[in-house]
Amino acid sequence: MRQRLKLILLILAIAICFFISLWYLGLNGLFTAIPSSLLIIVLTNLEWIGSLIASSYKVGRKFNFWFEKKAVEKRIENTIEAASKKINNEGVIVLPHGIDIKWVEPMERDAFLKEGKVVVCLESSYNEARNLARAMMLYVADDLIRESQRFINPRITRSLCFAIARKLLMLDKRLEALKCLNDEFIEPEANKERKIREYVMAMEKMDEQGYLSRILLREFSQLDAKLSPALTNSDAMSESETFTRFLGNFVQREREENVQLAHNRKVLKIDLMPIARSLLEFNVSNYIKAASISFDNGINTIYVLAWGFNIPWAKSAVKAIEGMGKYAKFEECTFPVVGAQGRFQSYLAVLMNISGRENIPPIDS
Amino acid sequence: MNNSEILAVHKQKLEEFLKKLGLWEALVKGELKCHECGATISLDNIGMIIPFGKEIHFCCAKTDCIFRMKEFKSEPTNEAKT
Numbered sequence: 001m002r003q004r005l006k007l008i009l010l011i012l013a014i015a016i017c018f019f020i021s022l023w024y025l026g027l028n029g030l031f032t033a034i035p036s037s038l039l040i041i042v043l044t045n046l047e048w049i050g051s052l053i054a055s056s057y058k059v060g061r062k063f064n065f066w067f068e069k070k071a072v073e074k075r076i077e078n079t080i081e082a083a084s085k086k087i088n089n090e091g092v093i094v095l096p097h098g099i100d101i102k103w104v105e106p107m108e109r110d111a112f113l114k115e116g117k118v119v120v121c122l123e124s125s126y127n128e129a130r131n132l133a134r135a136m137m138l139y140v141a142d143d144l145i146r147e148s149q150r151f152i153n154p155r156i157t158r159s160l161c162f163a164i165a166r167k168l169l170m171l172d173k174r175l176e177a178l179k180c181l182n183d184e185f186i187e188p189e190a191n192k193e194r195k196i197r198e199y200v201m202a203m204e205k206m207d208e209q210g211y212l213s214r215i216l217l218r219e220f221s222q223l224d225a226k227l228s229p230a231l232t233n234s235d236a237m238s239e240s241e242t243f244t245r246f247l248g249n250f251v252q253r254e255r256e257e258n259v260q261l262a263h264n265r266k267v268l269k270i271d272l273m274p275i276a277r278s279l280l281e282f283n284v285s286n287y288i289k290a291a292s293i294s295f296d297n298g299i300n301t302i303y304v305l306a307w308g309f310n311i312p313w314a315k316s317a318v319k320a321i322e323g324m325g326k327y328a329k330f331e332e333c334t335f336p337v338v339g340a341q342g343r344f345q346s347y348l349a350v351l352m353n354i355s356g357r358e359n360i361p362p363i364d365s
Numbered sequence: 366m367n368n369s370e371i372l373a374v375h376k377q378k379l380e381e382f383l384k385k386l387g388l389w390e391a392l393v394k395g396e397l398k399c400h401e402c403g404a405t406i407s408l409d410n411i412g413m414i415i416p417f418g419k420e421i422h423f424c425c426a427k428t429d430c431i432f433r434m435k436e437f438k439s440e441p442t443n444e445a446k447t
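Protein chains in written order, with this note's numbering: chain A, 1 to 365; chain B, 366 to 447.
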């Protein structure tokens, strides 16, 4: 839908540009209309142009090694930049940095040791899929919620990196690289540790429903702000795993199945509040009562969730809960998701405890 | 957006790079081992070259090793300690 709208706007902009140029300058207007239309196309498709430039270097790779290096470098930089932008646009900046590939020249041992920087080996541009998969893993492992990584269970961090790297490659439709990532990186790990496979699958389910970045990564990204200057925290370490399982159970629940909606531990004190009306009845007082109980239990964040026709009810529930004066709406968003019944709108509102009754555990040094 | 820098060496230049470091012979003879899993490093599985104090370590391209090496390289080097 968004793509179609973009295309319509682009065609409209070009048509207007042509019309104005021809009307104002007559036939000479063609000479200004064509370059200005091209400029519009370039400005509205920067990612596509970047990808085109990256591919164009391949033409010269047989003749000069410079083109070969540029083909490798630009393909990786473009893919990562475009995909990370898309994931950051979901609301939480989980990959705050882009990537710059710098080629190192051969140097003496002493100079290399003095420089003290890790050097990654990259394949030729003919092996683009492998390069992309490897660079994506390195980038995600390094950049994903970087400041908070030290508070997250390493098994969860690893699963998150796999899930995010897969998502990034899928967003850019790099299917060969995705296959390479699966075969060379994920499968050997998942075969060795069964839980990693379970977590990656749960995270992909979260992502299908729009909750991977909006809930899981959002909560994890705040750990640094909550727990700094501690080097690590054993509660956060274990809770990162229980919280992933908790959210995993929620997104993988069967219809009508009752699952836990509260994760109330020392560090992560979160409630999920899915809003659904039974037949035509909607009673907002139930949600006010639930929020009141959450407040008494010291819950810091309530995520109000709704789908399709329930969204207006969810908004009225959020308004009513805000009216209690115990939780304030921090943010809300609607986003499209694709489910078994097709594409529909999903809604999420983040309500934060305004009393500052956070029970942050003592710092481990 | 500030960018993370990744220093890279192209596979076609790897021989030249390792020769300059004085490690090419060792690679050819199969004497270089992955610092994490102990696998013999070859041109097919070389992942990273890591300077550490006065030594140069290698890491193969396995995920497990890359993750562990990431933790390892974030520790202070001998030089940094002195």
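The beta carbon of each residue, even a glycine, is placed where N, CA and C say it ideally should be.
| Item | Value |
| --- | --- |
| Three-pair Cβ contact test at 8 Å for the region 192-210 of chain A versus the region 224-235 of chain A | no |
| Residue from A:Val284, A:Leu272, A:Phe282, A:Ala225 with nearest C-alpha to Phe243 of chain A | A:Leu272 |
| Stretch-stretch touch, CB-based, cutoff 8 Å, three pairs: the region 298-315 of chain A with the region 337-350 of chain A | yes |
| Three-way DSSP call (helix, strand, coil) for Lys326 of chain A in this model | coil |
| Partner residues on chain A for Lys419 of chain B, Cβ-Cβ distance less than 7 Å | Leu113 |
| Residues near Ala445 of chain B in its chain [Cβ-Cβ closer than 7 Å; skip 5 each side] | Confidence in Ala445 of chain B is poor, its pLDDT being 33 and thus under 50, which makes the residue's placement unreliable; the coordinate value appears in the next sentence. None. |
| Range covered by the beta strand (DSSP E) that runs through Phe63 of chain A | Unbroken run through Phe63 of chain A: none, as it is neither H nor E. |
| Cβ-Cβ distance between Pro106 of chain A and Lys385 of chain B below 9 Å | yes |
| Residue of A:Pro154, A:Phe112, A:Phe63, A:Ala290 minimising C-alpha distance to Met324 of chain A | A:Ala290 |
| Between the CA atoms of Thr44 of chain A and Leu10 of chain A - distance to the nearest angstrom | 8 Å |
| DSSP three-state assignment for Glu440 of chain B, whether helix, strand or coil | With a pLDDT of 48 at Glu440 of chain B, under the threshold of 50, the modelled position of this residue cannot be trusted, and the question is left open. |
| Short CB-CB distance (under 9 Å) between Leu124 of chain A and chain B | Inspection of the sequence shows that residue 124 of chain A is occupied by Ser rather than by Leu. By this cut-off, Ser124 of chain A is an interface position. |
| Same chain, Cβ closer than 8 Å to Ile415 of chain B, neighbours up to 5 away in sequence not counted | His400, Ile421, His422, Phe423, Cys424, Met434, Phe437, Lys438 |
| For Ala165 of chain A and Leu181 of chain A, believed in contact at Cβ under 8 Å, the rounded distance | 6 Å |
| DSSP bridge partner residues for Tyr303 of chain A (one or two, in chain order) | A:Leu272, A:Val350 |
| Cβ pair Ala328 of chain A, Leu351 of chain A closer than 9 Å | yes |
| Minimum Cβ-Cβ distance from Cys17 of chain A to chain B less than 9 Å | no |
| Cut-off 7 Å between Cβ atoms - residues of its own chain near Ala236 of chain A, not counting five sequence neighbours on either side | Phe151, Leu223, Leu227, Val267 |
| Contacting residues, own chain, Cβ-Cβ under 7 Å from Ile49 of chain A (five flanking each side not counted) | Val42 |
| Proximity winner among A:Ser355, A:Glu254, A:Asn258, relative to Ala340 of chain A (alpha-carbon distances) | A:Glu254 |
| Distance, Ser369 of chain B Cα to Ile93 of chain A Cα | 15 Å |
| Cβ distance (whole Å) where Ala373 of chain B is taken to contact Val120 of chain A below 8 Å | 5 Å |
| Collapsed DSSP secondary structure at Phe282 of chain A in the structure displayed | coil |
| Residue environment, Asn28 of chain A, which counts as buried when at least 16 other CB atoms sit within 10 Å | exposed |
| Simplified DSSP assignment, three categories, for Val374 of chain B | strand |
| Interface residues of the region 374-389 of chain B facing chain A [CB-CB below 9 Å] | Val374, His375, Lys376, Gln377, Lys378, Leu379, Glu381, Phe382, Leu383, Lys384, Lys385, Leu386, Gly387, Leu388 |
| Where the region 34-58 of chain A meets chain B: residues whose CB sits under 9 Å from a CB there | none |
| Reduced DSSP secondary structure (H/G/I, E/B, other) of Ala163 of chain A | helix |
| Local conformation of Ser407 of chain B per DSSP, three classes | coil |
| Straight-line gap, Asn283 of chain A to Lys319 of chain A (C-alpha atoms, nearest Å) | 13 Å |
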